[in-house]
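Protein chains in written order, with my numbering: chain Y, 213 to 351; chain R, 213 to 351; chain E, 213 to 351; chain B, 213 to 351.
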């Protein structure tokens, strides 16, 4: 838990609850996506406005569900970068109750640096590499 | 604007943005739904847990879109009851920028008191009527 | 029912079902939106590809819910244009069971012709007016 | 591709498209969820009505995105069971273009047999085991 230097609170909505009366499994990936977008803004890597400048594409994601999340629970999503590859960035996520730290889900994703103009993957820009390594204490 | 005694902040998510790069029109009804659910909790009319005890069913809703909502904007939803009928409750909504009050959308809905056990509409319980009239200053 | 010359089937998904175990009220507006997009393609007014050429913006929508829609029900959405204004187009919708015609919801919307490049509403183009009037038998 | 004996078509909706103008990554998990629910119905393991009798809970899922899915593409989701454990069932998915077989995404999930009344995981019922093994040609 203390491995995460960034946590993004997520407000659960009535519409997030499915027929099983817990937060829907696919909706949890929307939570991760939003936490990732805000992490990138927090690090100054995305302005939150220009959807063509976002510079990444998601290539892989997965989640392990540990406990169902109920309407009304107060949660946040920990986000961190676990590995900086040549073209790819690996991230880990932990969804937890804000007050007592109970973990609801653990997740991971791989994003690739992407040039939306030329529609091709590119090397992670040195500026990104530096900012992320700095923030996360990675080599 | 000052007609609303209850405002619920809504955190816009990346997934709320559609291909037009604004908050999707249908998603705005999820915002209204969530604000309505929290309004009912705020008034002590729903416990936020038991989905069979919620005691209402939505029969009509509508929205006028005034300005598109962008990712990153800070918004809240004003909710108020405008009329207490025999079986129905009419509500109004205003979605506004939190800081400067710019209005993005105005909406309304009609809900009917509903007995989910017997699957039929019922009279608005006197306890609901009293609490809502009190809170809103209605007769 | 026979006023509709265009019906679009909608496949209900597990995720469309909410905590009340019926299709969510906001999701129904996604059904309307999708039926409207396909209606425009059917009339040759949108290519289904270029999201900046779509040429309309939604300004008002509303829905009356008559019966809850359950998972597994086979439904379609009737779409028609009810009025061609100078800048606006009014549409009506009817969500029905495909086999027996039971009506689940009635809805309406107002869209305005919109120039996304210059971000301003414009007169409904004569070509649109002609195609729609022709298809619907409007004057 | 020919490993899948069950394919479920999914109709892409306008609302599935996100700000990047492709089907949203989280929405793809709704596609998988729906294909899984219909696969269980196809095998006679769920009636499609009683959400408390569904008898499974999702514990893990993941997806590898190979190509973005555009609005208007005709897709289906292959679903198969790859392993029958004591309490768990492992499944694989392939999202493909219906006509030419182009693969957009590969995914997997682990579900656990679950007693919603007593809120505990249970052994996969022998009847489920038999039906699935039969359908998939598993031992």
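Glycine residues also receive a C-beta, built at the ideal position from the N, C-alpha and C atoms.
Just so it is clear, the structure is predicted and the values come from calculations on it, not from any experiment.
* Buried/exposed call for residue 335(B), threshold 16 Cβ in 10 Å -> Position 123 of the fourth chain holds residue 335(B). Classification of residue 335(B): exposed, given that the 10 Å Cβ count is below 16.
* 8 Å Cβ shell around residue 278(B) - same chain, five flanking residues per side excluded -> Looking up residue 278(B) in the fourth chain gives position 66. Closer than 8 Å at Cβ, skipping near neighbours: 315, 316, 317, 318.
* Asked: Ends of the alpha helix (DSSP H) at residue 241(R)?
  -> As a working mapping, residue 241(R) is identified with position 29 in the second chain. First-last of the alpha helix (DSSP H) with residue 241(R): 237–254.
* Looking at C-alpha atoms only, which residue of 268(Y), 239(Y), 241(Y), 221(Y) is the closest neighbour of residue 330(Y)? -> By 1-based counting over the first chain, the position of residue 330(Y) is 118. Closest by alpha carbon: 268(Y).
* Closest residue to residue 328(Y) among 266(Y), 227(Y), 302(Y) (Cα-Cα distance) -> Translated into the one-based positions of the first chain, residue 328(Y) becomes position 116. Nearest option by C-alpha distance: 266(Y).
* **Test: residue 229(R) CB closer than 8 Å to a CB of chain B** => What you label residue 229(R) is simply residue 17 of the second chain in a count that begins at 1. Chain B, which has a Cβ nearer than 8 Å to the Cβ of residue 229(R), makes this yes.
* **Integer Cβ distance of residue 237(Y) from residue 296(B), believed to fall under 8 Å** => For the purposes of this step, residue 237(Y) is identified with residue 25 of the first chain, where counting begins at 1. For the purposes of this step, residue 296(B) is identified with residue 84 of the fourth chain, where counting begins at 1. With 8 Å as the limit, residue 237(Y) and residue 296(B) do not qualify as a contact, their Cβ atoms being about 21 Å apart.
* Between the Cα of residue 321(B) and the Cα atoms of 348(B), 303(B), 332(B), 308(B), which residue gives the shortest distance? -> Here residue 321(B) refers to the residue found at position 109 when the fourth chain is read from its first residue. Closest by alpha carbon: 303(B).
* Hey, could you find the ends of the alpha helix (DSSP H) residue 343(Y) is sitting in? => Locating residue 343(Y) in the first chain gives position 131, where the first residue counts as 1. Here the alpha helix (DSSP H) through residue 343(Y) covers 338–348.
* So which residues of chain R does residue 246(Y) contact, with C-beta pairs closer than 8 Å? -> Sequence index remark: in the first chain, residue 246(Y) carries index 34 (1-based). Near residue 246(Y) (Cβ distances below 8 Å), the residues of chain R are 225, 226, 227.
* To do: Could you tell me which of 290(B), 244(B), 228(B), 275(B) sits nearest to residue 226(E), measuring between CA atoms?
  => Working through the third chain from its first residue, we reach residue 226(E) at position 14. It is 244(B).
* **Exposure of residue 342(B), with buried meaning 16 or more beta-carbon neighbours within 10 Å** => The residue given as residue 342(B) occupies position 130 in the fourth chain. Per the 10 Å Cβ criterion, exposed.
* Asked: Once you ignore the five residues that flank residue 219(Y) on each side, which residues in its own chain have a CB closer than 6 Å to its CB?
  -> For the purposes of this step, residue 219(Y) is taken as residue 7 along the first chain, with counting starting at 1. Excluding positions up to five away in sequence, the list reads 288, 290.
* To do: Taking only the alpha-carbon atoms, compute the straight-line gap between residue 308(B) and residue 249(R) and give it to the nearest angstrom.
  => For the purposes of this step, residue 308(B) is taken as residue 96 along the fourth chain, with counting starting at 1. For the purposes of this step, residue 249(R) is taken as residue 37 along the second chain, with counting starting at 1. Approximately 39 Å, taken between the alpha carbons.
* Are the C-beta of residue 242(R) and some C-beta of chain Y separated by less than 8 Å? -> Position 30 of the second chain, counting from 1, holds the residue named residue 242(R). At least one chain Y Cβ lies under 8 Å of residue 242(R).
* Assign residue 292(B) to buried or exposed, taking buried as 16 or more other Cβ atoms, counted over all protein chains shown, within 10 Å of its Cβ. => If you number the fourth chain from 1, residue 292(B) lands on position 80. Flag for residue 292(B) reads buried.
* Grab me the residues of residue 272(Y)'s own chain with a C-beta within less than 6 Å of its C-beta, minus the 5 sequence neighbours each way, in chain order. => Locating residue 272(Y) in the first chain gives position 60, counting from the first residue. These residues qualify, in order along the chain: 322.
* Asked: Within 8 Å (strictly less), CB to CB, does residue 263(Y) reach chain R?
  -> Counted from its first residue, the first chain places residue 263(Y) at position 51. True, the Cβ-Cβ gap to chain R drops below 8 Å.
* **Closer than 7 Å at the beta carbon, the chain Y residues around residue 233(E)** => On the third chain, position 21 is the one that residue 233(E) refers to. Going along chain Y in sequence order, the residues near residue 233(E) (Cβ under 7 Å) are 231.
* If I'm right that residue 229(Y) touches residue 285(Y) with Cβ under 8 Å, what's the distance once you round it to whole angstroms? => On the first chain, position 17 is the one that residue 229(Y) refers to. On the first chain, position 73 is the one that residue 285(Y) refers to. The pair is not a contact, with the Cβ atoms about 11 Å apart (cut-off 8 Å).
* Who are the near neighbours of residue 299(B) in its chain, counting only those whose CB is closer than 8 Å to its CB and skipping five residues on each side? -> As a position in the fourth chain, residue 299(B) is number 87, starting the count at 1. Same-chain partners within the cutoff: 324, 325, 333, 334, 335, 336.
* For residue 270(E), write down the residues that DSSP places opposite it in a beta bridge. => For the purposes of this step, residue 270(E) is taken as residue 58 along the third chain, with counting starting at 1. Looking at the DSSP assignment, residue 270(E) forms a beta bridge with 323(E).
* Asked: Do you know offhand how far residue 294(R)'s Cα is from residue 306(R)'s?
  -> Along the second chain, read from residue 1 onward, the residue named residue 294(R) stands at position 82. Along the second chain, read from residue 1 onward, the residue named residue 306(R) stands at position 94. Approximately 13 Å between the Cα atoms of the pair.
* Could you please tell me which residues of the segment 275–305 of chain Y, in chain order, have their CB closer than 9 Å to any CB of chain B? => 275, 276, 277, 278, 280
* Tell me, please, whether the CB atom of residue 238(B) is closer than 8 Å to any CB atom in chain E? => In the fourth chain, residue 238(B) corresponds to position 26, counting from 1. Answer no: the Cβ-Cβ gap between residue 238(B) and chain E never drops below 8 Å.
* Asked: Excluding five sequence neighbours on each side, which residues of the same chain lie with their C-beta closer than 7 Å to the C-beta of residue 282(E)?
  -> For this step, residue 282(E) is matched to residue 70 along the third chain. If we look at residue 282(E) and ignore the five residues flanking it on each side, its Cβ neighbours are 234.
* Give the residues of chain R in contact with residue 260(Y), contact being defined as C-beta atoms less than 7 Å apart. => Locating residue 260(Y) in the first chain gives position 48, counting from the first residue. What residue 260(Y) touches in chain R: 283, 284.
* In its own chain, which residues sit with a C-beta less than 6 Å from the C-beta of residue 280(B), not counting the 5 before and 5 after it? -> Counting from 1 along the fourth chain, the entry for residue 280(B) is found at position 68. Only 234 meet the Cβ criterion.
* Report the three-state DSSP secondary structure of residue 289(E) (helix, strand or coil). => Locating residue 289(E) in the third chain gives position 77, where the first residue counts as 1. Residue 289(E): strand per DSSP, three-state reduction.
* List the DSSP bridge partners of residue 335(R). => Looking up residue 335(R) in the second chain gives position 123. According to DSSP, which records beta bridges pairwise, residue 335(R) is partnered with nothing at all.
* Taking Cβ positions, are residue 275(E) and residue 240(E) nearer each other than 8 Å? -> For the purposes of this step, residue 275(E) is taken as residue 63 along the third chain, with counting starting at 1. For the purposes of this step, residue 240(E) is taken as residue 28 along the third chain, with counting starting at 1. Taking 8 Å as the Cβ cut-off, residue 275(E) and residue 240(E) qualify as a contacting pair.
* Asked: When DSSP labels each residue in this structure, what does residue 282(R) get in the three-state scheme?
  -> Reading the second chain from its first residue, position 70 is the one you call residue 282(R). Coil at residue 282(R), not helix or strand.
* Inter-residue Cα distance where the pair is residue 338(E) and residue 258(E) -> Counting from one through the third chain, the residue named residue 338(E) turns up at place 126. Counting from one through the third chain, the residue named residue 258(E) turns up at place 46. Their backbone Cα atoms lie some 15 Å apart in a straight line.
* Chain-ordered neighbours of residue 255(R) on chain E, where CB pairs are closer than 8 Å -> Counting from 1 along the second chain, the entry for residue 255(R) is found at position 43. Per Cβ cutoff of 8 Å: no residues; residue 255(R) is ~20 Å from chain E at best.
* Asked: Is the Cβ of residue 249(Y) closer than 8 Å to any Cβ of chain R?
  -> Your numbering for residue 249(Y) matches position 37 in the first chain. At least one chain R Cβ lies under 8 Å of residue 249(Y).
* To do: State yes or no: is the beta carbon of residue 341(Y) nearer than 8 Å to at least one beta carbon in chain R?
  => What you label residue 341(Y) is simply residue 129 of the first chain in a count that begins at 1. Closer than 8 Å: no.
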